[in-house]
Each structure stands twice: as structure tokens, then as C-alpha cells.
Amino acid sequence: KVRVLSGIQPSGRLHLGNYLGAIRQWVQGQDEKENYFCIVDLHAITVWQDPDKLRAQTRELAALLLACGIDPQKSTLFIQSHVRAHAETQWILGCVTPLGWLYRMTQFKAKSEKEKQESVSTGLLTYPVLQAADILLYDADEVPVGEDQKQHIELTRDIAQRFNHLYGETFKLPKAVIPKSGARVMGFDDPTKKMSKSEVGEYHAVYLTDSPDRIRKVLRRAVTDSGREIIFSDAPEKAGVNNLLQIYESLTGKSREEIEAHFAGKGYGDLKKEVAEVIIEALRPIQERYQVYAQDPAELDRVLAIGAERARAVAEPKAEEVKRRVGFVLPK
Ligand code: TYM
4 KVRVLSGIQP
14 SGRLHLGNYL
24 GAIRQWVQGQ
34 DEKENYFCIV
44 DLHAITVWQD
54 PDKLRAQTRE
64 LAALLLACGI
74 DPQKSTLFIQ
84 SHVRAHAETQ
94 WILGCVTPLG
104 WLYRMTQFKA
114 KSEKEKQESV
124 STGLLTYPVL
134 QAADILLYDA
144 DEVPVGEDQK
154 QHIELTRDIA
164 QRFNHLYGET
174 FKLPKAVIPK
184 SGARVMGFDD
194 PTKKMSKSEV
204 GEYHAVYLTD
214 SPDRIRKVLR
224 RAVTDSGREI
234 IFSDAPEKAG
244 VNNLLQIYES
254 LTGKSREEIE
264 AHFAGKGYGD
274 LKKEVAEVII
284 EALRPIQERY
294 QVYAQDPAEL
304 DRVLAIGAER
314 ARAVAEPKAE
324 EVKRRVGFVL
334 PK
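At position 110 of the sequence shown the residue is numbered 113 (UniProt numbering), and the sequence of numbers has no breaks.
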């Protein structure tokens with residue numbers, strides 16, 4: 004069976020980009036693959052998180068992932084910090100990762116530019132090494148992610164190759180799996196920026212728990228352009244319309260020709276309305292199931308405990324192999 008691992012940060016509310024770029028692929032591949040999905044709390048604290056909020060968000064994220072259709076019978080859902088091997092292996096991988104590789108990461112550059120040098124944590128720089136540990140410990144074949152994570156998966160391959168070269172064949176080289184549409188959902192308030200958990204603008208994103216009214220309001224305000232053509236296009240001025248069409252494509256599964264024909268002669272107002280309704284319908288069953296899990300914390304704990312146990316069963320022997328490879332004396 005193909006083995007899948009992916010991760011998501013509990014650092015804010017889940018938005019449509021997370022869903023279309025990553026989670027939906029996780030759910031769709033569940034039946035035929037062996038799946039590990041990790042809530043990466045260690046990654047979240049690379050930027051300041053309020054402890055009480057982090058705790059609440061971690062549980063909310065778990066409940067939402069189940070509501071999105073992650074089935075604990077078919078997939079292993081776990082919290083990263085419950086499996087010590089991740090943090091442990093990250094140290095060893097960091098020792099074979101040249102600093103230059105990390106400085107080159109666009110996500111690090113973007114995030115560290117925002118903050119003053121003094122307040123950029125070491126963790127923000129070594130973040131992709133931890134991500135590499137997440138993936139390599141499970142011998143994952145595939146890593147389903149949005150476009151923005153592609154570079155981190157390539158780095159993971161580089162780190163794996165370097166380790167294999169230095170210490171002998173240990174790690175499998177994983178590949179990123181990126182969806183055809185929805186891989187890079189842009190902000191509704193600014194279609195030149197990707198939709199992001201850390202943006203605070205009121206009309207930036209649609210969150211998975213948003214009410215139909217709020218979704219309609221955000222879509223009504225979505226930035227488009229002064230033209231009137233409703234077509235898929237890479238032209239910078241069409242970024243807003245293109246974003247709406249890609250969301251529509253991703254949620255309806257219709258072809259681009261069909262979609263363009265459907266909207267021919269209609270206005271941007273119609274486009275926004277229809278996209279809003281498609282989003283509302285897609286989120287409705289998720290929101291209904293979310294209520295069930297959100298009200299049953301004991302069941303959530305049970306699922307996460309089983310997940311952690313299953314994850315440890317894979318990650319711990321692998322972490323031991325890594326220690327043996329580098330020449331550590333294993334405890335008797
Ligand atoms: P995170 O938590 O930022 O995002 C989770 C997933 O959502 C995707 N995504 C998007 N897709 C489309 N459009 C967007 N606007 C958008 N924003 C986010 C991301 O690509 C991601 O797939 N470093 C990772 C977490 C991680 C991980 C891992 C992923 C830690 N370890 C191991 C894979 C494998 C991150 O910060 O994702």
C-alpha cells in the first residue's frame with residue numbers, strides 16, 4: 004500500500020485553502036492508501052502562541068479534521084508532540100542539513116521579514132528539518148499538500164539523500180502530491196496573496212466554520228477587476244476572477260470549458276453569488292459533523308490516544324534505526 008503522511012498546524016482557524024489544498028485530498032485518498040495525519044503543535048510554536056488558545060485550537064483542529072471526513076478506522080490521526088521520535092530525529096537530521104539550505108526557504112524568508120531579526124526564533128529557521136523528520140520517520144511515499152509546501156518536500160528529499168549518502172540507505176524519498184485546482188487559494192481581499200491563517204483582514208478568508216451569511220458577505224466583497232470576462236486566466240489583473248473560478252472548479256468537479264460556458268454573459272455579481280452557494284453547500288455537512296465531535300471531548304481523546312499509539316509503533320523503531328546508523332549506543 005502507498006503510505007501517505009501530511010501535517011497541519013493548529014495555529015489558527017482552518018480556511019478554504021487548507022481544505023482544498025490539503026484536507027480534501029487526504030479524505031479522498033483514504034480508502035486505498037495507508038494514512039498518517041499529524042497535527043503539528045511543535046511547528047505551531049515557532050511563532051508565539053497563547054498557551055490556552057493553542058490547547059483549544061489543537062482540539063478544535065482534531066474535531067474539524069474528523070468532521071471533514073478523516074475516518075479514524077482508515078487513517079491515523081495524531082498530535083505531533085505525542086510522538087517523541089519527531090523532536091528527537093529532527094536533531095539528528097539538523098546535523099546533516101547545511102544552514103544555507105534553510106536560509107533559502109521562501110517561507111522562512113517571508114515569515115522572518117515580517118518580524119524583527121531579534122524576535123525571529125531559531126525554530127522558525129529549522130522548521131523544515133522537523134517537517135522532514137515528520138515525513139521520513141514514516142517512510143512516506145506521498146505527501147499531499149498545497150503548492151506552498153512544495154519547497155519543503157523537496158528539501159526533505161535532499162536531507163534524506165544526504166543522510167543516506169553519509170550513513171547508508173535509511174530513508175525513502177517522498178514525493179509531494181499537489182491538487183490540480185485549489186493548490187493555491189488566494190485571499191478574497193487581495194488575490195495577489197495566498198489565503199493564510201495569519202492574515203487578519205475580515206474579508207480575507209472563508210473559514211470552515213463560517214455561517215452562510217458570513218460566507219455570502221465575504222464573497223460579495225471579493226476583489227475582482229474592472230473588466231467583465233469570466234475566464235480562467237493567469238493574467239495578473241484576472242487573479243481575483245481566476246481564484247473564484249478555481250474554487251468553483253475544485254468544488255463542483257466540472258471542466259473549465261463547462262464552467263466558462265456556464266458563466267458566459269453573466270456578471271461578476273452572479274459569479275460571486277454562485278461561488279458562495281457552492282462553498283456553503285460543501286461546508287454544510289462538515290459543520291453538522293463538527294458539532295457532534297466538538298461536544299464529545301472524551302471521544303476525541305480516545306481517537307487521539309489510539310492515533311498516537313499507532314504512530315509511535317511506526318516512528319519509534321525508525322528513530323532507533325537512525326540512532327544506530329549514526330553510531331549511538333542504544334540503551335540496553
Ligand atoms: P499549514 O498548516 O500552513 O497548512 C496545511 C495545509 O494547507 C495547505 N494550504 C493551502 N493550500 C491551498 N491554498 C492555500 N491558500 C493554502 N494555505 C495552506 C498547505 O499547503 C498544507 O498542505 N509545514 C506545514 C505543516 C507540516 C507538514 C508536515 C505538511 C508539518 N509537517 C509534514 C506535510 C508533511 C504547514 O505549515 O502547513
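Glycine included, C-beta positions come from ideal geometry on N, C-alpha and C.
- S124 - DSSP class collapsed to helix/strand/coil: coil
- Same chain, Cβ closer than 6 Å to V317, five either side skipped, listed in chain order: Y141
- Go to K178, then tell me how far its beta strand (DSSP E) extends in each direction, as first and last residue. 178-180
- With DSSP collapsed to three states, give me the class of V7. strand
- Query: For C41, which residues does DSSP report across the bridge?
  - Reply: G10, F81
- Message: In the DSSP output, which residue or residues are listed as bridge partners for G197?
- Response: Per the sequence shown, residue 197 should be read as Lys rather than Gly. M189, per the DSSP bridge assignment.
- Message: Can you determine whether any heavy atom of ligand 1 sits closer than 8 Å to the C-beta of M189, and answer yes or no?
- Response: yes
- Determine, using beta-carbon pairs with one atom in the segment 267-277 and one in the segment 235-254, whether at least three such pairs fall under 8 Å. yes
- Task: Output the boundary residues of the alpha helix (DSSP H) element that contains E145.
- Result: Taken as a continuous stretch (DSSP letters only), E145 belongs to no alpha helix (DSSP H), being part of the beta strand (DSSP E) at 145-147.
- For the segment 298-311 against the segment 74-88, are there 3 or more C-beta pairs whose distance is under 8 Å? yes
- Item | Span of the alpha helix (DSSP H) around P75 | First-last for P75: undefined, no H or E at that position.
- Message: Give me, in chain order, the residues of the same chain whose beta-carbon lies closer than 7 Å to that of I73; leave out the 5 immediate sequence neighbours on both sides.
- Response: W29, V30, F40, L80
- Going by alpha carbons, who is nearest to E202 out of T212, R315, G190? G190
- Message: Does K200 pass the burial test, meaning 16 or more other C-beta atoms within 10 Å, or should it be called exposed?
- Response: buried
- Task: Please classify S229: is it buried, with 16 or more other beta-carbons within 10 angstroms of its beta-carbon, or exposed?
- Result: exposed
- Rounded straight-line distance, which links the Cα of I233 to that of Q164: 45 Å
- Message: Which complete alpha helix (DSSP H) runs does the segment 236-320 hold, if anything under 4 residues is left out?
- Response: 242-255, 259-266, 271-297
- Query: Are the segment 56-68 and the segment 8-22 touching, with three or more C-beta to C-beta distances below 8 Å?
  - Reply: yes
- Specify, as a first and last residue, the run of the alpha helix (DSSP H) that Q52 falls within. Segment: none, Q52 is in no alpha helix (DSSP H) and carries neither H nor E.
- Message: At the level of alpha carbons, what is the spacing between N167 and V221?
- Response: 49 Å
- Message: I need the boundaries of the alpha helix (DSSP H) containing R223, first residue and last residue.
- Response: 215-223
- Message: Taking the alpha carbon of Q110 as the reference point, which residue from L102, A264, L286, Q152 has its own alpha carbon closest?
- Response: Q152
- Regarding Y130 and ligand 1, is the C-beta to nearest heavy atom distance less than 8 Å? yes
- Status (buried if at least 16 other CB within 10 Å, exposed otherwise) for K183: exposed
- Among all the DSSP beta bridges, which residues are the ones paired with H18? Y210
- With 16 other CB atoms within 10 Å as the buried threshold, where does D213 fall? buried
- Specify the secondary structure class of L158 as computed by DSSP and reduced to three states. helix
- Message: Suppose the cutoff is 6 Å on Cβ atoms and the five residues either side in sequence are ignored; what does the same chain contact list for R315 look like?
- Response: V86
- P147: which of G185, I218, E205, E324 sits nearest, CA to CA? G185
- Query: Looking at the structure shown, is Q60 part of a helix, part of a strand, or coil, going by DSSP?
  - Reply: helix
- Message: Please tell me whether, using a cut-off of 8 Å, the distance from the CB of D304 to the nearest non-hydrogen atom of ligand 1 is below it.
- Response: no
- Report yes if the CB atom of E324 is closer than 9 Å to the CB atom of T173, and no otherwise. yes
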